Amino acid sequence: MSRAERAKEYFEQGYNCAQAVALAFEKETGLERTALLNASLPFGGGLGRLRLTCGAVSGMALVYGLVCGAGELSAENKKQTYLAIQELTAKFKAENGSLLCGDLLTGANLSFGVGGEAERRTEEYYKKRPCAELVYTAAKILEEYLLEKGVL
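Residue numbers (our numbering): 8 to 159.
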């Protein structure tokens, strides 16, 4: 099973978009599962359900930092990381039209709001949301990139 397929499966099990992508690369991150889930939790729903940057994109960035981060502060490390994230997000945007959760969900005719309970994950839930496919795409883009760079 590819990491993209694993990410989609994790999302369908109830993990948020960022958690699903992060869990697909769990071994590579070096973090204990609970720490990885806690670190990625706030990014779901476009950052705390605010519909800002897509959680799948945030998960992709989190994993990149954990897997490729240099571990020390330097202008060069920061530059290389930012360039990599720009490349990864450009690929995601080219495939999906946006990096913003709200934009990606607009066609799904969903109401957005702060607070309240998350909608129950039913078959109908998945039919009206593109999230499972967005998670798949983010994990696929990241896996291909890391393979190309010889990290995986």
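Quick reminder that beta carbons are idealized off the backbone N, C-alpha and C, glycines included.
If you're wondering where the values come from, they're calculated on a predicted model, not measured in any experiment.
- If you look at MET67, you'll find it in the alpha helix (DSSP H) that goes 62 to 75.
- Taken through DSSP and simplified to helix, strand or coil, LEU107 comes out as strand.
- In this structure LEU111 touches PRO137 by the C-beta definition: roughly 6 Å separates them, less than 8 Å.
- Counting only residues of its own chain and dropping the five nearest sequence neighbours on each side, LYS15 has a CB closer than 6 Å to the CB of ALA139, VAL142, TYR143.
- Collapsing the DSSP output to three states places VAL158 in coil.
- Burial is judged here by how many other beta carbons sit within 10 angstroms of a residue's own beta carbon; ASN23 has at least 16 and is buried.
- For the pair ARG10 and ALA27, the CB atoms are not nearer than the 8 Å cut-off.
- Of the other Cβ atoms in all chains shown, fewer than 16 fall within 10 Å of the Cβ of ARG40; this residue is therefore exposed.
- DSSP places TYR22 in no alpha helix (DSSP H); its state is neither H nor E.
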